[in-house]
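Chains as they are written, first to last, in my numbering: chain A, 1 to 345; chain B, 346 to 690; chain C, 691 to 1035; chain D, 1036 to 1380.
All C-beta atoms in this analysis are idealised placements derived from N, C-alpha and C, irrespective of residue type, glycine included.
Computed from a predicted structure; not experimentally measured.
In what follows, a structure is listed as structure tokens, so that the remarks can point back to it.
Protein chains: 4
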Amino acid sequence: MIKGAVVGSTGYAGQQLVWFLHNHKHVKIEFLVSHTYAEEKFSKIYNNYTEIIQNKCISIHQMEEKLEEIDVLFIALPHGKSFNIVKKALDKGVKVIDLGADFRLNESACYEEWYGLEQRFPELLKDAVYGLVEIYRDKIKKAEFVANPGCYTTASILALYPLLNKGIIEIDSIIIDAKSAVSGAGRGLKVTSLYGECNESIKAYGVTGHRHTPEIEQELSKAAGEKIILNFTPHLVPMNRGILATCYGKLKNNISQEEIYKIYKEFYKDEYFIRIADELPETRNVRGSNFCDIGIRVDERTKRVIVVSAIDNLIKGAAGQAVQNMNLMFGLEENEGINILSMAI
Amino acid sequence: MIKGAVVGSTGYAGQQLVWFLHNHKHVKIEFLVSHTYAEEKFSKIYNNYTEIIQNKCISIHQMEEKLEEIDVLFIALPHGKSFNIVKKALDKGVKVIDLGADFRLNESACYEEWYGLEQRFPELLKDAVYGLVEIYRDKIKKAEFVANPGCYTTASILALYPLLNKGIIEIDSIIIDAKSAVSGAGRGLKVTSLYGECNESIKAYGVTGHRHTPEIEQELSKAAGEKIILNFTPHLVPMNRGILATCYGKLKNNISQEEIYKIYKEFYKDEYFIRIADELPETRNVRGSNFCDIGIRVDERTKRVIVVSAIDNLIKGAAGQAVQNMNLMFGLEENEGINILSMAI
Amino acid sequence: MIKGAVVGSTGYAGQQLVWFLHNHKHVKIEFLVSHTYAEEKFSKIYNNYTEIIQNKCISIHQMEEKLEEIDVLFIALPHGKSFNIVKKALDKGVKVIDLGADFRLNESACYEEWYGLEQRFPELLKDAVYGLVEIYRDKIKKAEFVANPGCYTTASILALYPLLNKGIIEIDSIIIDAKSAVSGAGRGLKVTSLYGECNESIKAYGVTGHRHTPEIEQELSKAAGEKIILNFTPHLVPMNRGILATCYGKLKNNISQEEIYKIYKEFYKDEYFIRIADELPETRNVRGSNFCDIGIRVDERTKRVIVVSAIDNLIKGAAGQAVQNMNLMFGLEENEGINILSMAI
Amino acid sequence: MIKGAVVGSTGYAGQQLVWFLHNHKHVKIEFLVSHTYAEEKFSKIYNNYTEIIQNKCISIHQMEEKLEEIDVLFIALPHGKSFNIVKKALDKGVKVIDLGADFRLNESACYEEWYGLEQRFPELLKDAVYGLVEIYRDKIKKAEFVANPGCYTTASILALYPLLNKGIIEIDSIIIDAKSAVSGAGRGLKVTSLYGECNESIKAYGVTGHRHTPEIEQELSKAAGEKIILNFTPHLVPMNRGILATCYGKLKNNISQEEIYKIYKEFYKDEYFIRIADELPETRNVRGSNFCDIGIRVDERTKRVIVVSAIDNLIKGAAGQAVQNMNLMFGLEENEGINILSMAI
């Protein structure tokens, strides 16, 4: 059994991790860490675990004394909060999967520009494997430390990677118009997360300045072999879960929709969690699952391609992908414990 | 492997059955039957099964020729539609689990009064075991034919059974005020099921005349050993899944909340799917699961007890309970294939 | 022009008051008071007023110096917070409409028991007219100080008043099962008000102990001429606005549904804002309006009557009713400025 | 009093028209026409009008005999259904405001290409004034026949018009990513409009082929003085009302966000219903109103401008705009009867 623990276990991504780890037949949850709810029973915070999970949450301080007991540590904290924990865990030989943003950007300067914080351990960046399995599977298998991708970034990169890798679109033509469920804002107390402020409304936010932008650019630049700058516009949609990314690019040459479909199916042919379908994706079809559904349309009139992708932001965009990474790091079947289908209704 | 099939597989309860049967390690889905979508790929109707389920739906007519191939038939049709299918399947030695209402009421006259239809096979009633596992487990184990309980009835009976069985409340004092998600109305095309007509609103409906009333009365009468007549009031709530039943009864004698809790915990002590908790239930904590959560409050001022239960109407109220029944009928572990927790967010 | 002001103007009830007062042709808003947002533009807090309302919020301290400038003060604060403000305003000859709970209960002891707070100005209770217009219209016309009813209480009392006034039901048989939208919990930052915690779920809360209970009992006792104790059970429903109250009572004598309808139509025959209809109410039909819709069913089997009422909790249950009171207090047409219909979709 | 009538009065746009016309102090509704509900009381279809509107719906056939009685006819029918009605009404000297699509496209060939239907009265096209008041106010004042713009088109054109009129962006760079509430699909019975199929999900639809595309292109081409081809991508969002259009264009020259704001404020300076604000719009701030809120962001990195607009699809995108047109056609104040603010919660 893999002995695992979750820091930030009572946040929305963290509790989703608990869900998967509890069900995982090769994992035993050693402890759950919560800053806000230390000493409280986890099932009092999330009543869906009544009679199922008996753990009391422990504090970060308490955790530090127990790092020896575990094989893998999942960290689901806001950016800037995981630096010390990552360092200590790695020093003790614990594998780390960090769901936060602190080690996703390869360049310290880029991190500091977008997050307004110092990258405190730049020397760890070379060890931090970007945990997008479909792109970095081989590296992840050998990794001790994985920086788990952001939710918007997962949906965006998976949608656009083949187009850039195959040189199909103009690299300065990319627009990603993304729509996220409210759980993406986390469980923190903010007026903008209140039911009355989100329900029955849609808005754009963080336009031109959202922090997932450089992460998407970094990975798509690698795909293209050229530096890419793009527009990323997130929106807030009144639903619990799901991200839909509608991605636009200008075609370099004449290419049909069918040909692009063929390229995508070939590119992702071994990927269980990527489904390329004729129907355009709906988030409900991936809700509760680790799948990323992708549909493609070519507009002959404007010579643009539109790729639409859908994921569950808490699963393929966070906890599910983290478990997918863990499975690879520990030599397990990649879809072990996360092979659940959406109940679309 | 148990060879199974689902009639009405493209309705909301039917597709939920497909979800569970597909994941069940001892079941192979032999065929899916759909009146509306015969000859169409099931995954075209429900895109969450893209690349996962390859079956084409077959018609009821085609099914009749293939009954020999299966061990168990699940029927998820509107009332009045399953008579012939039940008869033919039983005659061929196929076990039947009928999620419809046609064989739930023990008395033909009662069926005819509430449903306005003739009970066409009254002789089958004696063989139809009422499939509420927590009450009729032993009979179900030996059954060839199970009438799976209704959604409201499951929530209501489980909430009130111990009170009546132990003689705690006045039998003429029962009021059940129940609230259901919209999926309870099924996938049929009705103006009242349109998004714009359900969203952002709550209403009562079927007041004093809902067809689940006699079913609840029948079972609670057995619990009490006396004929019970009660008020059952259903409401429609803007959400996809879930039923909350708020049940009221007048206490016969002084009894504390703690004592009633003790009685419930004892009564349901071996039941994995029943959780008696101090916190009052929320439907989100059972959504996507087969659990029934129950909370209890005694009002010292009015000498009433209020029992609140929550289920997922499509699971414990339909498909999950059907699989629970199947597991028993075939000698499997009772929670095999349905032991999934709610993702409460 | 009536010069008015609102304390607590940035809460959900308060902002609804601003909406009505802004549109009211006989009212000028002199100032808006906000503890949390003093010095900020009201339209920055509620962007729907961009370019429409220019006021900056002022603090409660600033308000106290400006009481002379106004004719009427609306107070929309949590319980316990309005005592001093009420006193000061009345002392300066300003009419007061208090949307909070502090002066609704006639007995100080009852207030102290249910709210756990001292009634600081018991001598003001005799002047505080309970602002349920349909019952106390004549008193309100002459009032200087109105205690505006609670949201649940408005729906419950209007539903049950005729039954008790006419002695139709057993007074110890009353159960009110009420369902409220999330805005009823206000704009305060609580985990339980987050989108992710409310959406797609229903729960009961405050069972047997909700503070609107004694308020309902007080008024229905007056209707009956006897002391009434009853069960009131509130629920939280995933929608922005609306309360549905499903009220149960045992009939004393045989009386038909038609006769009860007749009694209700007679009782409310001059009431513009009460609609007695054959169809059972849906909250969407009153959402955004000051109407209270009522439907009635008699269950011949159980000899119970079920009365269902629907209101918009922020309007008839708060701000609309407050304006209705103001209209009467100032000799205006009762429905001036609040005669708006629901957009049901 | 203007004597008016509505054809298609029981559809979602139609009933919204009834709402406004009923409240309009210069309009009397002479009759309401409904194909589906002829002979039924309008308030039985929409219970929010109980005791308020007494009209029975009449059939289209009955209407034809009563055209003489009215001054203005509003038509809210699916495309292809209004040809004869428009012709007959105009022939009788009745002013016509057609909320359908049949006379919005200036070129018959374009209509026939996108709608797959013959333009039956091309000779009427020269008289059909495109009813976007902010652009065509003077023509509308003199019009007998107005083609009321589509919902997506209203949001899109108002967002982009100044950019194109002032030559600020590359004309081949335009992408409109629009998000609509479910009421945009109307009240017709379609599986895709069921609550269970829309709730808790977002999807794109009609990608590259939506029929509002040529309408947007037609009007923006006029703004630019050049033929424009663009990408328009609609999405379905789980809410009752609202459209958000996120519009992207490549800047021709360096221009700051402030300068573009200045241009917009100047361009729309006399427009009551257009609000240019620093905050990005949310649909809830225009829901229930005739406003169009617009916010602007310039991305210095990519040299693109993003303009976001929000409207209520049933009001500024349909019925409110129709009344705005009527007001002009009859010499009334432009915002008469439609000057209502959103209740944002």
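State the CB to CB distance for the pair residue i and residue j, rounded to an integer number of angstroms; the pair is presumed to be in contact (CB under 8 Å).
i, j, result
"Leu509 of chain B", "Ala446 of chain B", "Contact doesn't hold; Cβ gap of about 22 Å is too wide."
"Ser201 of chain A", "Tyr885 of chain C", "That belief does not hold up - the Cβ atoms of Ser201 of chain A and Tyr885 of chain C are roughly 11 Å apart, past 8 Å."
"Val378 of chain B", "Ile415 of chain B", "Between Ile415 of chain B and Val378 of chain B the Cβ distance is about 11 Å, and since that is not below 8 Å, they are no contact."
"Ile690 of chain B", "Asn240 of chain A", "6 Å"
"Thr1357 of chain D", "Glu1317 of chain D", "Position check: residue 1357 of chain D holds Ala in this sequence, whereas Thr was assumed. About 24 Å separates the two Cβ atoms, so there is no contact after all."
"Ile1341 of chain D", "Ile1295 of chain D", "Wrong, their Cβ atoms sit about 10 Å apart, outside the cutoff."
"Cys247 of chain A", "Ala159 of chain A", "5 Å"
"Tyr609 of chain B", "Glu479 of chain B", "Incorrect: roughly 12 Å between the Cβ atoms, too far for contact."
DSSP three-state call for residue i: helix, strand or coil?
i, result
"Val94 of chain A", "coil"
"Ser1215 of chain D", "strand"
"Lys952 of chain C", "helix"
"Leu677 of chain B", "coil"
"Phe42 of chain A", "helix"
"Asp644 of chain B", "strand"
"Tyr12 of chain A", "helix"
"Tyr382 of chain B", "coil"
"Lys940 of chain C", "strand"
"Ala338 of chain B", "Not covered by the structure: residue 338 of chain B. The range shown for chain B is 346 to 690."
Terminal residues of the continuous alpha helix (DSSP H) containing residue i?
i, result
"Lys1053 of chain C", "The requested residue 1053 of chain C is not part of the displayed model; chain C covers only 691 to 1035."
"Gly541 of chain B", "Tyr540 to Cys543"
"Tyr1146 of chain D", "Ser1143 to Tyr1150"
"Val552 of chain B", "Where Val552 of chain B is concerned, there is no enclosing alpha helix (DSSP H), given that its DSSP letter is neither H nor E."
"Glu375 of chain B", "That residue, Glu375 of chain B, is in no alpha helix (DSSP H); its beta strand (DSSP E) goes Val372 to Val378."
"Ile1095 of chain D", "Ile1095 to Glu1099"
What residue does the beta strand (DSSP E) around residue i start on, and which one ends it?
i, result
"Leu503 of chain B", "Taken as a continuous stretch (DSSP letters only), Leu503 of chain B belongs to no beta strand (DSSP E), being part of the alpha helix (DSSP H) at Cys496 to Asn510."
"Phe963 of chain C", "Element bounds for Phe963 of chain C: n/a, residue is neither H nor E."
"His580 of chain B", "Asn576 to Leu581"
In angstroms with no decimal places, state the Cα-to-Cα distance between residue i and residue j.
i, j, result
"Glu1254 of chain D", "Glu258 of chain A", "32 Å"
"Glu907 of chain C", "Tyr506 of chain B", "31 Å"
"Tyr481 of chain B", "Tyr475 of chain B", "7 Å"
"Phe1055 of chain D", "Ala590 of chain B", "40 Å"
"Ala288 of chain B", "His555 of chain B", "Any question about residue 288 of chain B goes unanswered here, given that chain B covers just 346 to 690."
"Gly167 of chain A", "Lys1285 of chain D", "22 Å"
"Asn796 of chain C", "Lys816 of chain C", "8 Å"
"Ile2 of chain A", "Gln62 of chain A", "20 Å"
"Lys486 of chain B", "Gly676 of chain B", "7 Å"
"Ser1208 of chain D", "Gly1260 of chain D", "16 Å"
"Ala1008 of chain C", "Asn745 of chain C", "22 Å"
"Val1242 of chain D", "Ile866 of chain C", "50 Å"
"Glu1026 of chain C", "Ser1215 of chain D", "35 Å"
"Lys1449 of chain D", "Glu1335 of chain D", "Beyond the ends of chain D as shown, which are 1036 and 1380, falls residue 1449 of chain D; an answer cannot be given."
"Lys548 of chain B", "Val527 of chain B", "11 Å"
With a threshold of 8 Å, establish whether the CB of residue i neighbours any heavy atom of the ligand NAD.
i, result
"Ala38 of chain A", "The ligand NAD is not among the ligands present in this structure, which contains no ligands whatsoever."
Exercise. Looking at C-beta atoms only, is the number of pairs between the region 1073 to 1083 of chain D and the region 969 to 978 of chain C that lie closer than 8 Å three or more?
Worked result: yes
Exercise. If we count Cβ pairs, one from each stretch, closer than 8 Å, do we get three or more for the region 1324 to 1343 of chain D versus the region 1295 to 1309 of chain D?
Worked result: yes
For this session: Check whether the region 1053 to 1064 of chain D touches the region 1122 to 1129 of chain D, taking contact to mean three or more Cβ pairs, one atom from each stretch, closer than 8 Å.
Result: no
Exercise. Touch check for the region 325 to 345 of chain A and the region 417 to 426 of chain B: three-plus C-beta pairs under 8 Å?
Worked result: no
For this session: Count the C-beta pairs between the region 461 to 468 of chain B and the region 491 to 502 of chain B that are closer than 8 Å, then say yes if the count reaches three, no if not.
Result: no
Exercise. When the Cβ atoms of the region 9 to 23 of chain A are set against those of the region 572 to 581 of chain B, are three or more pairs found closer than 8 Å?
Worked result: no
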